[in-house]
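2 protein chains.
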Amino acid sequence: MSYVVGVDFGTLSARAVVVDARDGAELGSAVHDYRHAVMDRTLAATGAELPPQWALQDPDDYLEALRTAVPEAVRAAGISPDEVVGIGTDFTASSPMPVLADGTPLCKVPGFEDRPHAYVKLWKHHAQQQADRVNAVAEQRGEPWLARYGGRISSEWEFAKALQVLEEDPEAYERMDRWLEAADWIVWQLCGHETRTICTAGYKAIHQDGAYPSEDYLRQLDERFEDFVSAKLDGPLLPLGARAGDLTAEAAGWTGLPEGIAVSVGNIDAHVTAPAARAIETGQMLMIMGTSTCHVMNAEQLAEVPGMCGVVRDGIVPGLYGYEAGQTGVGDIFAWFLDESVPPRYHEEARARGVALHDHLSQLAGEQEVGAHGLVALDWNNGNRSVLVDHELSGLIVGLTLATRAEDIYRALIEATAFGTRVILDAFAAAGQPVAELFAAGGLIKNPLVMQIYADVTRMPLHLAVSEQGPALGSAMHAAVAAGVHADIRAAAEVMGKVARDAYVPDEARADAYDALYEHYVRLHDHFGRGGDDVMHSLRHARPRELARG
Amino acid sequence: MSYVVGVDFGTLSARAVVVDARDGAELGSAVHDYRHAVMDRTLAATGAELPPQWALQDPDDYLEALRTAVPEAVRAAGISPDEVVGIGTDFTASSPMPVLADGTPLCKVPGFEDRPHAYVKLWKHHAQQQADRVNAVAEQRGEPWLARYGGRISSEWEFAKALQVLEEDPEAYERMDRWLEAADWIVWQLCGHETRTICTAGYKAIHQDGAYPSEDYLRQLDERFEDFVSAKLDGPLLPLGARAGDLTAEAAGWTGLPEGIAVSVGNIDAHVTAPAARAIETGQMLMIMGTSTCHVMNAEQLAEVPGMCGVVRDGIVPGLYGYEAGQTGVGDIFAWFLDESVPPRYHEEARARGVALHDHLSQLAGEQEVGAHGLVALDWNNGNRSVLVDHELSGLIVGLTLATRAEDIYRALIEATAFGTRVILDAFAAAGQPVAELFAAGGLIKNPLVMQIYADVTRMPLHLAVSEQGPALGSAMHAAVAAGVHADIRAAAEVMGKVARDAYVPDEARADAYDALYEHYVRLHDHFGRGGDDVMHSLRHARPRELARG
Chain A
122 MSYVVGVDFG TLSARAVVVD ARDGAELGSA VHDYRHAVMD RTLAATGAEL
172 PPQWALQDPD DYLEALRTAV PEAVRAAGIS PDEVVGIGTD FTASSPMPVL
222 ADGTPLCKVP GFEDRPHAYV KLWKHHAQQQ ADRVNAVAEQ RGEPWLARYG
272 GRISSEWEFA KALQVLEEDP EAYERMDRWL EAADWIVWQL CGHETRTICT
322 AGYKAIHQDG AYPSEDYLRQ LDERFEDFVS AKLDGPLLPL GARAGDLTAE
372 AAGWTGLPEG IAVSVGNIDA HVTAPAARAI ETGQMLMIMG TSTCHVMNAE
422 QLAEVPGMCG VVRDGIVPGL YGYEAGQTGV GDIFAWFLDE SVPPRYHEEA
472 RARGVALHDH LSQLAGEQEV GAHGLVALDW NNGNRSVLVD HELSGLIVGL
522 TLATRAEDIY RALIEATAFG TRVILDAFAA AGQPVAELFA AGGLIKNPLV
572 MQIYADVTRM PLHLAVSEQG PALGSAMHAA VAAGVHADIR AAAEVMGKVA
622 RDAYVPDEAR ADAYDALYEH YVRLHDHFGR GGDDVMHSLR HARPRELARG
Chain B
122 MSYVVGVDFG TLSARAVVVD ARDGAELGSA VHDYRHAVMD RTLAATGAEL
172 PPQWALQDPD DYLEALRTAV PEAVRAAGIS PDEVVGIGTD FTASSPMPVL
222 ADGTPLCKVP GFEDRPHAYV KLWKHHAQQQ ADRVNAVAEQ RGEPWLARYG
272 GRISSEWEFA KALQVLEEDP EAYERMDRWL EAADWIVWQL CGHETRTICT
322 AGYKAIHQDG AYPSEDYLRQ LDERFEDFVS AKLDGPLLPL GARAGDLTAE
372 AAGWTGLPEG IAVSVGNIDA HVTAPAARAI ETGQMLMIMG TSTCHVMNAE
422 QLAEVPGMCG VVRDGIVPGL YGYEAGQTGV GDIFAWFLDE SVPPRYHEEA
472 RARGVALHDH LSQLAGEQEV GAHGLVALDW NNGNRSVLVD HELSGLIVGL
522 TLATRAEDIY RALIEATAFG TRVILDAFAA AGQPVAELFA AGGLIKNPLV
572 MQIYADVTRM PLHLAVSEQG PALGSAMHAA VAAGVHADIR AAAEVMGKVA
622 RDAYVPDEAR ADAYDALYEH YVRLHDHFGR GGDDVMHSLR HARPRELARG
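Those protein sequences? They're chains A and B, same order as listed. Per the working numbering: the first sequence = residues 122 to 671. Per the working numbering: the second sequence = residues 122 to 671.
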């Protein structure tokens, strides 16, 4: 009687895993692809076109995942459902949604099915205009919480998105009783009542030092927004690992799990990976490396590190301050380069060798000595979050010659993202919160060239999160805590977490060579990112129209 | 009795054309590909490997062109050889070669066939180490001629290359009686005695105000070099259009032309194109646009324009100062991008449409509004000649996003080279020699997108040199002057030159939009090219080894 289920709700699919809480053994897993995926061009219900920067989801897809992936994972594990003692979940964030008082998604309320603002606003939906006001008013008023978010509230987060609903569809705003993260809504569906966690409230809803933003502040954003917190947001916040409630009969029916087992409170996909990799002590930074990279780290002290995404007390593990930083483009940039800049002969060579193009280029690039390509790049093709907090920055490459080849640029782009991480490490060190150990998780850890470059550039050994299930294992660990199998998340991490320590270690000579290139990176970083030359902003604003693509 | 023959000796082939001197009608032409092409990897005679930066030619290939292309062009013209009254030639430069007193190329002297230094050093052969000393000593001594060459004597020119022979193969240096441009040597072969022109001496051999560099200066470069000028270079210099002599019986045998007809003095391919396009008056600048761009312009006054390649009295047309400026990478950069950065689907689309990849990308890029791609590039992938005179600079692109596509970068690169030309125009204007009219010749004039962008960026109408024969027509015009058909090159240009005036005219709105982008270009140009950030030099020097390719 020690099995737990973790469900990781990602951008395009949900993954369920069944884990033995005694040793972390992953016994079975299953994936469910969302039927509506991401609605970023049209609303499925009407076929109506959506504006740029929009990205919606249909919450039915999440419930469908509970009905399919969970029972499938249990079957794959070869255990009896009766042996499962708890279920935990994690979600993309910030992905907030409007619901009625009973939890019904607004988009399922008759008359609202055809309204885009009634759906889940996925993390990659941006309400930039509203975020600009959220920030401007906060700066003007000197709101103390602003510095906890690197000085900038994101256009992805709850306040900007809620304000967008209010302004663009006041009826929808009026009709919604509650506004919450899908991370918290899915828990509501499992245990039958609303709960919220310290984590989502802190990182996505500006909850700091026991309070949300004041009514004064909200009124200044919009008079109708004054009671947003009290009416649609406020309520008790539960710590991570807490038992949100018991699995309802209805949810037991969906999942095939026993009614009444423990349901743990919601969590964020990146954060839940930290205990899964045993990276939860002070100074242990975990990079979750995929299309973008999320850096999470715990520390005993509160510090305001410039350009971080957020620092929240008890935000990742209870008892410590949880720091989050981020790079907005990492794997995305490599994929863009592969799709848009690699000439046919490399594709043919890769085919002839029977390897993926990424692997072919990685091998060619891996044969080079540091600096041989003569290039330095800025990894800002998708803007910059940490430490500049400026999404209008753009990518740059310098050093191009007629002898520059695809593998050279590919390597330079990988190096640029590693330099970007080093800038973040430097910022933490400068703020008195040095990073003592570096962990990596996510899809990119399978590329040895990327991993070795990160070790060399940061001059730190890399410890890898080796679970194949990623965040789902972390969610299962939280379920084990909620079910009382383990006393707390530390104890769970001890026996259920998995890490390959020192999987990559820095090479002294290469690290020395990178020090010199990093100096160039920093000089370019500061020149183009801190006002020396404002060309990136000018180019962005001078565009006669938003290009439709991309 | 008014036909003339022009022969243009290019990098890989020579082209002969038969022209009617009365109206410039091009009656027939023929091309001869050099058997040895460019020897830049191995010496054909021995198979021995050549160092990087080397590029040799075998002068037998030039004679072979006289034997094949000239009679073929005459046959194609359908005229009798007896009706030809003169022959003129132009050549790549600086492409100097060592010869004996009787004109025998050193590489044809027994015992020297296997010595690389006995061959023609093609323009793209670089003697950088020697050029650095040529410049350092000149700067130190304050040689007044240095400013005539934009402050930098090129590693492509005669002094650096001769010094390289002396240092690396003293026996070859000792054995050679004369050192001269292939442009002058081919005339020697045609008329039987050595002549040199004001043009090659001025632009490639530092002949200014009636003198070559002094013996004092030469001794300081190397004691053994003291008598280089007096022993191997000096002699009378003939004006352009002069009759070097009469076609010898031997050369008449090679070419099938009548013995005794006029042979005009040698000339440089870029310069000879100016009269062919009727661009020979003060303020008329001609851009010869191919892999690189050469800018030539005449003016009544002498001015020292920063970063030009050279200014020579009577250097392009008698009576005026001839200015030359240059961009080291233009078509080369576009070709590099096409080869190295365009993904397969564009190749497939071009194939499906039955058009060349250049045309396909040009069409896609041509549909964009100015600034829509959000990019600015520096066109320095092959260094920069005018106005920075720094071959260690490199290319840069800024503004990249995940939505950037191949046609965006392609257009940005074209624009960058146009901005590079505008920098040159600005430098001439600032030096008090404004460019009044802009002409274009060379392979790139066939690309309407490139031409329109140049017109828009410079805000000047473009007049095109429309002869299919390029420089060969200009050589034929000089032959007509040497033969006495026309009084001088102005008169010849009047009746034989061909230009399509106002082939492209600037669009006001686009020109305005480009003004803003040009400001960014100039700021990047100055920051990276004038010491604001020395990253390009550092990257070049930090490379652990010269990459073999390219």
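Don't be surprised by glycine CBs; every beta carbon is placed ideally from N, CA and C.
Beta carbon proximity, residue i to chain A, threshold 8 Å
i               : result
V643 of chain B : no
I535 of chain B : no
R434 of chain B : no
S659 of chain B : yes
G366 of chain B : no
A493 of chain B : yes
N503 of chain B : yes
G414 of chain B : Reading off the sequence shown, one finds Thr at residue 414 of chain B, where the question assumed Gly. Cβ-Cβ to chain A under 8 Å: no for T414 of chain B.
D647 of chain B : no
A176 of chain B : no
G652 of chain B : no
R162 of chain B : no
V741 of chain B : With chain B represented from 122 up to 671, any question about residue 741 of chain B goes unanswered, as that position is not in the structure.
L496 of chain B : yes
L521 of chain B : yes
R611 of chain B : no
V656 of chain B : yes
A190 of chain B : no
Per-residue burial, residue i [other beta carbons within 10 Å of its own, 16 or more giving buried]
i               : result
F662 of chain A : The amino acid occupying residue 662 of chain A in the given sequence is His; Phe does not appear at that position. Under this definition H662 of chain A is an exposed residue.
D623 of chain A : exposed
K567 of chain B : exposed
T449 of chain A : buried
M572 of chain A : buried
V491 of chain B : buried
L482 of chain A : buried
V626 of chain B : exposed
Below-8 Å beta-carbon distance, residue i vs any chain B residue
i               : result
S515 of chain A : yes
I518 of chain A : yes
A88 of chain A  : Shown here, chain A extends from 122 to 671; a query on residue 88 of chain A therefore has no answer.
L243 of chain A : no
G450 of chain A : yes
A637 of chain A : yes
L668 of chain A : Reliability fails at L668 of chain A, whose pLDDT of 44 lies under 50, so the model's placement of it is uncertain and the value that follows must be treated cautiously. By this cut-off, L668 of chain A is an interface position.
A248 of chain A : no
Proximal residues of chain E, C-beta to C-beta of residue i below 9 Å
i               : result
L482 of chain A : Among the chains of the structure shown, chain E does not appear; the protein chains present are A and B.
Sheet register partners of residue i (DSSP bridge)
i               : result
K242 of chain A : A:L177
M160 of chain A : A:L177
W300 of chain A : A:P219
H584 of chain B : B:F560
heavy atom of the ligand NAD below 7 Å from residue i C-beta
i               : result
S413 of chain B : In the structure shown, the ligand NAD is absent, as is every other ligand, since no ligand is present at all.
Residues of the segment 267–287 of chain A with Cβ closer than 8 Å to any Cβ of chain B, in chain order: none
Quick test of the definition: if touching needs 3 or more C-beta pairs under 8 Å, does the segment 376–385 of chain A touch the segment 529–538 of chain A? no
The segment 593–612 of chain A contacting the segment 136–144 of chain A, beta-carbon criterion three pairs below 8 Å: yes
Is the segment 634–643 of chain B touching the segment 460–471 of chain A in the sense that three or more CB pairs, one from each, lie closer than 8 Å? no
Tell me which residues of the segment 452–476 of chain A have at least one Cβ-Cβ distance to chain B shorter than 8 Å, keeping chain order. D453, I454, W457, D460, E461, S462, V463, P464, P465 and H468
Report yes or no: do three or more beta-carbon pairs, one from the segment 322–341 of chain A and one from the segment 406–416 of chain A, lie closer than 8 Å? no
Closer than 8 Å is the cut-off here; do at least three beta carbon pairs connect the segment 433–444 of chain A with the segment 354–371 of chain A? yes
Cβ pair count under 8 Å reaching 3, the segment 303–313 of chain B against the segment 387–400 of chain B: yes
Do the segment 228–246 of chain B and the segment 291–298 of chain B make contact, defined as three or more Cβ pairs closer than 8 Å? yes
Evaluate the contact criterion for the segment 518–526 of chain A versus the segment 550–566 of chain A: three or more CB pairs, one atom per stretch, below 8 Å. no
Taking any Cβ of chain A, which residues in the segment 523–556 of chain B have a Cβ under 9 Å from it, in chain order? L523, A524, T525, R526, A527, D529 and I530
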